[in-house]
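Report on one structure; see the data block that follows.
Number of protein chains: 2
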Amino acid sequence: MKQLTVDVAVIGGGTAGLSAYQAAKQHTDRVVMIAGGVCGTTDNPVDYTPSKLLMAAAQAAYHARHSESFGVIVDGSVRIDGKQVMAQIKSERDRVVGLAQQQLEAIPATDKIYGAAQFIGENSLQIGAHTQVHAARIVIATGSAWPSSKTWQDLDDRLLTNDDLFNWDDLPTSVAVLGTDAIGLEIAQALHRLDVTVHVFGVSGQIGPLTDPDVMRYAQQTFADEFPLIADAQIESMTRQGDQVIIRYMDDHLQSQTIRVDYVIAATDAPPAIEQLGLERLNLALDDRNVPIANPRTMQTSKPHIFIAGDASSQQPLLHDAEDQGRIAGDNAGRWPNLQTKEHSSPISVVLTEPQIAMIGISFQQASERLSPCDCLIQGEVNFEQPGRHQLRLNNKGRLNVYAEQGTGLFVGAEMVGPAAEHVAHLLAWAHHQKMTILQMLDMPCYHPDIEEAVRAVLRDVAAKLDISSDCALSDGDLSAGPLNNGPLNNGPLSNAPLSTGDLG
Amino acid sequence: MKQLTVDVAVIGGGTAGLSAYQAAKQHTDRVVMIAGGVCGTTDNPVDYTPSKLLMAAAQAAYHARHSESFGVIVDGSVRIDGKQVMAQIKSERDRVVGLAQQQLEAIPATDKIYGAAQFIGENSLQIGAHTQVHAARIVIATGSAWPSSKTWQDLDDRLLTNDDLFNWDDLPTSVAVLGTDAIGLEIAQALHRLDVTVHVFGVSGQIGPLTDPDVMRYAQQTFADEFPLIADAQIESMTRQGDQVIIRYMDDHLQSQTIRVDYVIAATDAPPAIEQLGLERLNLALDDRNVPIANPRTMQTSKPHIFIAGDASSQQPLLHDAEDQGRIAGDNAGRWPNLQTKEHSSPISVVLTEPQIAMIGISFQQASERLSPCDCLIQGEVNFEQPGRHQLRLNNKGRLNVYAEQGTGLFVGAEMVGPAAEHVAHLLAWAHHQKMTILQMLDMPCYHPDIEEAVRAVLRDVAAKLDISSDCALSDGDLSAGPLNNGPLNNGPLSNAPLSTGDLG
Numbered sequence: 001m002k003q004l005t006v007d008v009a010v011i012g013g014g015t016a017g018l019s020a021y022q023a024a025k026q027h028t029d030r031v032v033m034i035a036g037g038v039c040g041t042t043d044n045p046v047d048y049t050p051s052k053l054l055m056a057a058a059q060a061a062y063h064a065r066h067s068e069s070f071g072v073i074v075d076g077s078v079r080i081d082g083k084q085v086m087a088q089i090k091s092e093r094d095r096v097v098g099l100a101q102q103q104l105e106a107i108p109a110t111d112k113i114y115g116a117a118q119f120i121g122e123n124s125l126q127i128g129a130h131t132q133v134h135a136a137r138i139v140i141a142t143g144s145a146w147p148s149s150k151t152w153q154d155l156d157d158r159l160l161t162n163d164d165l166f167n168w169d170d171l172p173t174s175v176a177v178l179g180t181d182a183i184g185l186e187i188a189q190a191l192h193r194l195d196v197t198v199h200v201f202g203v204s205g206q207i208g209p210l211t212d213p214d215v216m217r218y219a220q221q222t223f224a225d226e227f228p229l230i231a232d233a234q235i236e237s238m239t240r241q242g243d244q245v246i247i248r249y250m251d252d253h254l255q256s257q258t259i260r261v262d263y264v265i266a267a268t269d270a271p272p273a274i275e276q277l278g279l280e281r282l283n284l285a286l287d288d289r290n291v292p293i294a295n296p297r298t299m300q301t302s303k304p305h306i307f308i309a310g311d312a313s314s315q316q317p318l319l320h321d322a323e324d325q326g327r328i329a330g331d332n333a334g335r336w337p338n339l340q341t342k343e344h345s346s347p348i349s350v351v352l353t354e355p356q357i358a359m360i361g362i363s364f365q366q367a368s369e370r371l372s373p374c375d376c377l378i379q380g381e382v383n384f385e386q387p388g389r390h391q392l393r394l395n396n397k398g399r400l401n402v403y404a405e406q407g408t409g410l411f412v413g414a415e416m417v418g419p420a421a422e423h424v425a426h427l428l429a430w431a432h433h434q435k436m437t438i439l440q441m442l443d444m445p446c447y448h449p450d451i452e453e454a455v456r457a458v459l460r461d462v463a464a465k466l467d468i469s470s471d472c473a474l475s476d477g478d479l480s481a482g483p484l485n486n487g488p489l490n491n492g493p494l495s496n497a498p499l500s501t502g503d504l505g
Numbered sequence: 001m002k003q004l005t006v007d008v009a010v011i012g013g014g015t016a017g018l019s020a021y022q023a024a025k026q027h028t029d030r031v032v033m034i035a036g037g038v039c040g041t042t043d044n045p046v047d048y049t050p051s052k053l054l055m056a057a058a059q060a061a062y063h064a065r066h067s068e069s070f071g072v073i074v075d076g077s078v079r080i081d082g083k084q085v086m087a088q089i090k091s092e093r094d095r096v097v098g099l100a101q102q103q104l105e106a107i108p109a110t111d112k113i114y115g116a117a118q119f120i121g122e123n124s125l126q127i128g129a130h131t132q133v134h135a136a137r138i139v140i141a142t143g144s145a146w147p148s149s150k151t152w153q154d155l156d157d158r159l160l161t162n163d164d165l166f167n168w169d170d171l172p173t174s175v176a177v178l179g180t181d182a183i184g185l186e187i188a189q190a191l192h193r194l195d196v197t198v199h200v201f202g203v204s205g206q207i208g209p210l211t212d213p214d215v216m217r218y219a220q221q222t223f224a225d226e227f228p229l230i231a232d233a234q235i236e237s238m239t240r241q242g243d244q245v246i247i248r249y250m251d252d253h254l255q256s257q258t259i260r261v262d263y264v265i266a267a268t269d270a271p272p273a274i275e276q277l278g279l280e281r282l283n284l285a286l287d288d289r290n291v292p293i294a295n296p297r298t299m300q301t302s303k304p305h306i307f308i309a310g311d312a313s314s315q316q317p318l319l320h321d322a323e324d325q326g327r328i329a330g331d332n333a334g335r336w337p338n339l340q341t342k343e344h345s346s347p348i349s350v351v352l353t354e355p356q357i358a359m360i361g362i363s364f365q366q367a368s369e370r371l372s373p374c375d376c377l378i379q380g381e382v383n384f385e386q387p388g389r390h391q392l393r394l395n396n397k398g399r400l401n402v403y404a405e406q407g408t409g410l411f412v413g414a415e416m417v418g419p420a421a422e423h424v425a426h427l428l429a430w431a432h433h434q435k436m437t438i439l440q441m442l443d444m445p446c447y448h449p450d451i452e453e454a455v456r457a458v459l460r461d462v463a464a465k466l467d468i469s470s471d472c473a474l475s476d477g478d479l480s481a482g483p484l485n486n487g488p489l490n491n492g493p494l495s496n497a498p499l500s501t502g503d504l505g
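Heads up: the protein sequence lines correspond to chains A and B, in order. Residues in the first sequence are numbered from 1 upward in steps of one, following UniProt numbering. Residues in the second sequence are numbered from 1 upward in steps of one, following UniProt numbering.
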């Protein structure tokens, strides 16, 4: 058994692990990274590529089929070559995995150990059967993963998670998508536009991360107009029959319906990959998902020398960038015990459907809870269907609601479904992060005419309701930071009903 | 002859005129708007719709023809229905003109006079043959227009300007585009993608508003790869022959070439529509284009009671939004003599080609002139072709260069050709307007993975070159405001060689 003593051990070779390693190395040379496999990253390929890559193909199909209103005529038909779609997606996945692997290979061999890590003491890790690492500080950056064996109602290999889609060699004929989180909506719209028959089942009417009933209603209607979407579904049973699954559910009119699909996709984020770490030996403070609680400003757990970052942690809605989290954790593990705190970044959440969904700052629900009691919530609205705004007819659906505090005019948050929402989200998040007021935002430059003109329109709408003589000023800190929302992002539909993540294990 | 005495007269019923009228009315009821025709706006339909609308159709065609790499196969051919393309563009134009007209109609009849206005004294205007207006303050907001009769080298109706494209009932077979300003590039790429044979002739290698040789070279190569583009053209002759024009020019290898086209498009902004105003009677200070010089913070001309705004003025590169200019001019005409100054907005310039071009802040050329002598210019670069960045294969061309001041790290400007440049431009312009440093910008939130990730990459590249111990600090005011650039935006290719605007009159 090889014995190794270091200042910092980083468990995980994905995005968060890599940046933790690099940050720790700024403080000490004695850093080791423990990577789970040859590549080790669960973050890059799994977390974003399947639904995002399917969406790229789906948009190509959609736009090829909707060019006629511009005078661009397709003489013939637009056909989806499922094998080619999947081949392209796999090749893109391989490219991304290859890039991650290159980064891992750039780390000196003496700083790397391959194998599964397990805590055997507060400062000791067992790596496979071959090595023991004794580390003054430890960063957990193991990413997220579904347990390898999934059985649920005997659906067996007909039940898929997001990452399982990479295993398709061709597109299926029909699927049921369980969940209307970002991943669920993206997969559902993408497959639908690629000619797969799609049925989407949500929970309690929730659409993506939205909380504003007005924006949510708009989004739900838009998606339900395109593909079968039951936002508040009651699934009665799912039964495997041959290579298909029979689903019985209650429709909106409380009529029992039966459909038959090739696959059921449990469309939600994978849980943190921490089950095999032996954390139970450490007496760490855990949250209700059994994930170590960490200070989002330092990534420090309840054990001062243990840090956690990336998808392995519960910080996702707060600090969405695994790289940033890894950097904070690695930096603090390196400089320990003199920790540096990182200011909260204004939260951004984006769903890359068409139209896109975006949320920034605090949610409508949070803004209402905090500002409505004193009648201090003011709100602006803009509808992207208003004439005179956009020249692209395919791109004119959407709604943007902006929330501010009466009196101070402080911009506190926004929810949006609409064109270029990912970009509008960044513009608004930078303003939110700087605690700008609506009037300051109206002084910012705007190129005319553009999507950003709609942003000005909504800001003007808020400004018209602003009464600067009002003395609401609850805004100290409370309104400009904190998790995006406590609901749907932390608890996907699978974690309450009709499924629960536990059932998948 | 009707006589009317008012506090403020606004000449022009377009975007700038409307907002000037509304702003002046906040201060006094005695405001009159003089609109040139039934609608009067030259701004909305003329300035942006033809090239932008053509571009929407062109992108639809391009994407329908380039979907195969995603596995989306068009069985058959993609055909451009020129008549339908033009019908759709005209209907969109009519819609926008209709909206402008509605706004005009909402103004009370007592505040409106229709007819051509002419100064007959410093405070007096003659409207047509029917009315004389005596006004304490006057706002000129007449927009821009090409003189109605154009003759140049006997090309007659074969020579078109941007707005003439609205007269097409069908797309032509071939055109020559003179000018590589925003309008020239947009028209050229749009028509090329709509199956029109296009030849583009530029001046001195200039591409759009760019000044960074590195970004310019990238943009030129990208466009020249797609359609015939001679960025530094020497046209020897243009001769009409029947319904066509024969153009003789020198190619890049100094070989004489001859082409035959249906139309020659003089693709540059129309000059300010001020020729018929009788300004010569006023002894106003004029710039080298004979346009009244105005203070960009107040819109006040050299005559304290006369203001000018919108396309009629020379403020275009500085304050791109006619609405904003109109508001400043109208507000100051209303509150005169107690003027309010408006802070410079950080300049944004966007070309809506694919990839898009964008510039914000001061140009590379200006940054070099001011910062290079003391070795205080630091620069970051990002190439959008770098692997691992974008999932959309059709969208992976581009380059973004960011300029900052050594020592302070102040962000001073950026030039870009690439995907979503219009949105990146707004994000950067908001930061520039707030005089942020590169390190402050790196603290801003970023959703991963996205175009905005490339922004972070380029900011990190600058930050790596930043030496905070350096004591360059030229940045007081000088670097953060001022016109975007003094060159190409003010002087389109038509105004030096091979054509000059005067020749078109």
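Yeah, the Cβ is synthetic: ideal placement off N, Cα and C, and Gly gets one too. Nothing here was measured: the structure is a model prediction, and the numbers come from that model.
Practice task
Classify R95 (chain B) as buried or exposed, calling it buried when 16 or more other Cβ atoms lie within 10 Å of its own Cβ.
Solution key: Reading the second sequence from its first residue, position 95 is the one you call residue 95 (chain B). Exposed.
Practice task
Determine the closest residue to I265 (chain A) out of A:S469, A:I230, A:A188, A:K52, with distance taken between C-alpha atoms.
Solution key: Along the first sequence, one-based indexing puts residue 265 (chain A) at 265. Among A:S469, A:I230, A:A188, A:K52, the Cα nearest to that of I265 (chain A) belongs to A:A188.
Problem - Euclidean distance between Cα positions of A106 (chain A) and A309 (chain A) - result: Position 106 of the first sequence, counted from the start, is the residue given in the question as residue 106 (chain A). Position 309 of the first sequence, counted from the start, is the residue given in the question as residue 309 (chain A). If you take the alpha carbons of A106 (chain A) and A309 (chain A), they lie about 21 angstroms apart.
Handout entry: Cβ-Cβ distance between V351 (chain A) and A454 (chain A) below 8 angstroms
Key = Looking up residue 351 (chain A) in the first sequence gives position 351. Looking up residue 454 (chain A) in the first sequence gives position 454. No, these two residues do not count as a Cβ contact at 8 angstroms.
Problem - Cross-chain neighbours of M444 (chain A) in chain B, by beta carbon under 7 angstroms - result: Here residue 444 (chain A) refers to the residue found at position 444 of the first sequence. In chain order: W430, H433.
Handout entry: Residue range of the beta strand (DSSP E) that includes S91 (chain B)
Key = Here residue 91 (chain B) refers to the residue found at position 91 of the second sequence. Element bounds for S91 (chain B): not the beta strand (DSSP E) but the alpha helix (DSSP H), 82-105.
Problem - Contact set for L53 (chain B): own chain, Cβ-Cβ below 7 angstroms, skip 5 residues either direction - result: To locate residue 53 (chain B), count along the second sequence from 1; it is residue 53. Excluding sequence neighbours, L53 (chain B) sits near I89, E92.
Practice task
Find the residues of chain B that neighbour E422 (chain A), judging by a C-beta separation of less than 9 angstroms, and give them in chain order.
Solution key: Within the first sequence, numbered from 1, the residue matching residue 422 (chain A) stands at position 422. What E422 (chain A) touches in chain B: A420, H423, Y447, D450, I451, E452.
Exercise for the section: Reducing DSSP to helix, strand and coil, say where G330 (chain B) ends up. Expected result: Looking up residue 330 (chain B) in the second sequence gives position 330. Three-state DSSP puts G330 (chain B) in a helix.
Handout entry: Reduced DSSP category for M216 (chain B) - H, G, I as helix; E, B as strand; rest coil
Key = On the second sequence, position 216 is the one that residue 216 (chain B) refers to. Looking at M216 (chain B) - three-state DSSP - the assignment turns out to be helix.
Practice task
Please state whether DSSP places F307 (chain A) in a helix, a strand or coil.
Solution key: Looking up residue 307 (chain A) in the first sequence gives position 307. F307 (chain A) falls in the strand class under three-state DSSP.
Practice task
List the residues of chain A that H192 (chain B) touches, going by C-beta distances under 9 angstroms, in chain order.
Solution key: Mapped onto the second sequence, residue 192 (chain B) falls at position 192. Residues of chain A passing the Cβ test: none, with the nearest at roughly 14 angstroms.
Practice task
Using beta-carbon positions only, say whether A425 (chain A) and I360 (chain A) come within less than 8 angstroms of one another.
Solution key: Residue numbering aside, residue 425 (chain A) sits at position 425 when the first sequence is read from its first letter. Residue numbering aside, residue 360 (chain A) sits at position 360 when the first sequence is read from its first letter. Yes.
Exercise for the section: Using only alpha-carbon positions, find the residue among A:A231, A:S77, A:I138, A:Y249 that is nearest to G326 (chain A). Expected result: As a position in the first sequence, residue 326 (chain A) is number 326, starting the count at 1. Cα-wise, what sits closest to G326 (chain A) is A:I138.
Handout entry: Proximity below 8 angstroms, CB of D262 (chain A) to CB of I230 (chain A)
Key = Walking along the first sequence from the start, residue 262 (chain A) turns up at place 262. Walking along the first sequence from the start, residue 230 (chain A) turns up at place 230. Result no, Cβ atoms of D262 (chain A) and I230 (chain A) do not sit closer than 8 angstroms.
Problem - Euclidean distance between Cα positions of G413 (chain A) and H423 (chain A) - result: Taking the first sequence and counting its residues from 1, one reaches residue 413 (chain A) at position 413. Taking the first sequence and counting its residues from 1, one reaches residue 423 (chain A) at position 423. Approximately 15 angstroms, taken between the alpha carbons.
Exercise for the section: Let me know the secondary structure DSSP gives G14 (chain A) once reduced to three states. Expected result: Sequence index remark: in the first sequence, residue 14 (chain A) carries index 14 (1-based). Note: G14 (chain A) maps to coil in three-state DSSP.
Handout entry: Same chain only: Cβ atoms within 7 angstroms of G128 (chain B), ignoring 5 sequence neighbours per side
Key = Taking the first residue of the second sequence as 1, we reach residue 128 (chain B) at position 128. Answer for G128 (chain B): G115, A116, listed in chain order.
Practice task
Would you please state the rounded distance, in angstroms, between the beta carbons of R445 (chain A) and I348 (chain B)? I believe it to be under 8 angstroms.
Solution key: Working through the first sequence from its first residue, we reach residue 445 (chain A) at position 445. Working through the second sequence from its first residue, we reach residue 348 (chain B) at position 348. One detail in the question is off: residue 445 (chain A) reads as Pro in this sequence, not Arg. Going by Cβ atoms, the distance from P445 (chain A) to I348 (chain B) rounds to 5 angstroms, so yes, they are a contact pair.
Exercise for the section: Could you give the DSSP three-state label for D163 (chain B): helix, strand or coil? Expected result: Counted from its first residue, the second sequence places residue 163 (chain B) at position 163. Correct three-state label for D163 (chain B): helix.
Practice task
Measure the CB-CB distance between A57 (chain A) and G71 (chain B) and report whether it falls below 8 angstroms.
Solution key: One-based indexing of the first sequence puts residue 57 (chain A) at position 57. One-based indexing of the second sequence puts residue 71 (chain B) at position 71. Going by C-beta atoms, A57 (chain A) is nearer than 8 angstroms to G71 (chain B).
Handout entry: Same chain only: Cβ atoms within 7 angstroms of M441 (chain B), ignoring 5 sequence neighbours per side
Key = Locating residue 441 (chain B) in the second sequence gives position 441, counting from the first residue. Answer for M441 (chain B): F411, A431, L459, listed in chain order.
Handout entry: CB-CB length for V462 (chain B) against G380 (chain B), believed under 8 angstroms
Key = By 1-based counting over the second sequence, the position of residue 462 (chain B) is 462. By 1-based counting over the second sequence, the position of residue 380 (chain B) is 380. Confirmed, about 3 angstroms.
Problem - With 16 other Cβ atoms within 10 Å as the buried cut-off, status of T161 (chain A) - result: Numbered from 1 along the first sequence, position 161 holds the residue referred to as residue 161 (chain A). By the Cβ-count criterion, T161 (chain A) is buried, with 16 or more other Cβ atoms from all chains shown falling within 10 Å of its own Cβ.
Handout entry: Where the alpha helix (DSSP H) containing E236 (chain B) begins and where it ends
Key = Looking up residue 236 (chain B) in the second sequence gives position 236. From DSSP, E236 (chain B) is part of no alpha helix (DSSP H) but of the beta strand (DSSP E) over 234-241.
Problem - chain A contacts from the stretch 75-90 of chain B (Cβ-Cβ distance under 9 angstroms) - result: So the list reads D75, G76, S77, V78, R79, I80, D81, G82, K83, Q84, V85, M86, A87, Q88, I89, given in the order they occur along the chain.
Handout entry: Per-residue DSSP class, three states only, for M33 (chain A)
Key = By 1-based counting over the first sequence, the position of residue 33 (chain A) is 33. M33 (chain A): strand per DSSP, three-state reduction.
Practice task
Go through the stretch 332-403 of chain A residue by residue and report every complete run of the alpha helix (DSSP H) that reaches 4 residues or more, in order.
Solution key: 364-371
Exercise for the section: Compute the Euclidean distance between the alpha carbons of W146 (chain B) and A312 (chain B), then round it to the nearest angstrom. Expected result: Position 146 of the second sequence holds residue 146 (chain B). Position 312 of the second sequence holds residue 312 (chain B). If you take the alpha carbons of W146 (chain B) and A312 (chain B), they lie about 12 angstroms apart.
Problem - Assigned secondary structure, Y114 (chain B) (DSSP; H/G/I helix, E/B strand, else coil) - result: Working through the second sequence from its first residue, we reach residue 114 (chain B) at position 114. Strand.
Practice task
Would you mind reading off the limits of the beta strand (DSSP E) that contains Q257 (chain A)?
Solution key: Translated into positions along the first sequence, residue 257 (chain A) becomes position 257. Residues 256-261.
Handout entry: Those residues which DSSP pairs with G423 (chain B) across a bridge
Key = Walking along the second sequence from the start, residue 423 (chain B) turns up at place 423. According to the sequence provided, residue 423 (chain B) is His. The question's Gly does not apply to it. Answer is none; H423 (chain B) lacks a bridge partner.
Practice task
Could you tell me whether the Cβ of D321 (chain B) comes closer than 8 angstroms to any Cβ of chain A?
Solution key: Here residue 321 (chain B) is taken as the residue at index 321 of the second sequence, counted from 1. True, the Cβ-Cβ gap to chain A drops below 8 angstroms.
Problem - Local Cβ density within 10 Å of K342 (chain B), reported as buried at 16 or more and exposed below that - result: Within the second sequence, residue 342 (chain B) is the residue found at index 342, counting from 1. It is buried - the Cβ of K342 (chain B) has at least 16 other Cβ atoms within 10 Å.
Exercise for the section: Verify the CB distance criterion: does A309 (chain B) have a CB-CB separation below 8 angstroms to chain A? Expected result: Numbered from its first residue, the second sequence carries residue 309 (chain B) at position 309. No, A309 (chain B) lies away from the interface with chain A (no Cβ there is under 8 angstroms from its Cβ).
Handout entry: Per-residue DSSP class, three states only, for T197 (chain B)
Key = The count along the second sequence starts at 1 and reaches residue 197 (chain B) at position 197. The answer is strand: DSSP assigns T197 (chain B) an E or B state.
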